[in-house]
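> The sequence shown begins at 423 in this note's numbering and counts up one residue at a time.
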Amino acid sequence: MARLCGELNTENPILYLEAGCGVGNMLFPIAEAYSHWRFQAFDFSKNAVKLLEERAKEKKIPVETSVVDLSIPLPESPFSAPADVASLIFVISAIHPEKHRIVAENLAKLVKPGGLLFIRDYGANDHAMVRFGRGAKLDERFYARQDGTRAYYFFTEELPGDLLRLIRVPEDGISA
423 MARLCGELNT
433 ENPILYLEAG
443 CGVGNMLFPI
453 AEAYSHWRFQ
463 AFDFSKNAVK
473 LLEERAKEKK
483 IPVETSVVDL
493 SIPLPESPFS
503 APADVASLIF
513 VISAIHPEKH
523 RIVAENLAKL
533 VKPGGLLFIR
543 DYGANDHAMV
553 RFGRGAKLDE
563 RFYARQDGTR
573 AYYFFTEELP
583 GDLLRLIRVP
593 EDGISA
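(1) Can you tell me where the beta strand (DSSP E) holding Ala-463 begins and where it ends?
(2) Give a yes or no on contact between the segment 441-460 and the segment 552-562, applying the rule of three or more CB pairs nearer than 8 Å.
(3) Are the Cβ atoms of Leu-539 and Phe-501 separated by less than 8 Å?
(4) Name the residue from Lys-468, Asp-569 and Glu-486 whose alpha carbon lies nearest to the alpha carbon of Pro-504.
(5) Could you name the residues of the same chain whose beta carbon sits closer than 6 Å to that of Glu-433, not counting the 5 residues immediately before and after it, in chain order?
(6) Look at Val-489 and Lys-521 and say whether their C-beta atoms are less than 8 Å apart.
(7) Could you tell me whether the Cβ atoms of Asp-465 and Phe-512 are closer together than 8 Å?
(8) Can you tell me which of Pro-495, Arg-460, Glu-440 and Lys-482 puts its alpha carbon nearest to the alpha carbon of Val-471?
(9) Relative to the C-alpha of Ala-508, which candidate in Glu-562, Tyr-575 and Met-448 has its C-alpha closest?
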């Protein structure tokens, strides 16, 4: 995390948001490494958020949680403060590309101006995309998985400008 947050002093108290947290598979290792940080997490799945809350209670890690669907406009943030650092791990590809602008607008309410947003996701021509069978294709680079979730394989250039402005690009560019 310190390498990714180059100009951010990770020794300072930081408010970290895991957007699309699932059960917190990224949040908990970060919380163990940076126990002096504060944590927020949301997912569109009530069940996933409930499991995260149970795990956080068991580990005695305070986490401010909410159930949020990034593809629906948020009137306001459900959290007490905007995050300094946020992550979107395999979230954008699960949202229809027509909703990506809404995602960007929502994230602008959740991450403070000048904050950091880390994205890890599938890209066009990713190996996972190539493995889909013909019956799974919904549209160009848009597929349905067997579990009913969807995956859109995008080019970085397709991300809305609003979202790209939230991301501080490292000097060596966006890494794949």
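For each residue, glycine too, the CB sits at the ideal point set by N, CA and C. The structure presented is a predicted model; accordingly, all values stated were derived computationally and were not measured.
Inspection of the coordinates gives the following:
(1) Where Ala-463 is concerned, the enclosing beta strand (DSSP E) stretches over 460-465.
(2) Counting Cβ pairs under 8 Å, fewer than three are found: no touch.
(3) Taking the C-beta atoms as reference points, Phe-501 is found no nearer than 8 Å to Leu-539.
(4) Cα-wise, what sits closest to Pro-504 is Glu-486.
(5) Within the same chain, Glu-433 has no close Cβ partners at all.
(6) Lys-521 is positioned such that its CB atom lies no closer than 8 Å to that of Val-489.
(7) Not a contact, by the Cβ cut-off of 8 Å.
(8) When only C-alpha atoms are compared, the closest one is Glu-440.
(9) Of the candidates Glu-562, Tyr-575 and Met-448, the one whose C-alpha sits nearest the C-alpha of Ala-508 is Met-448.
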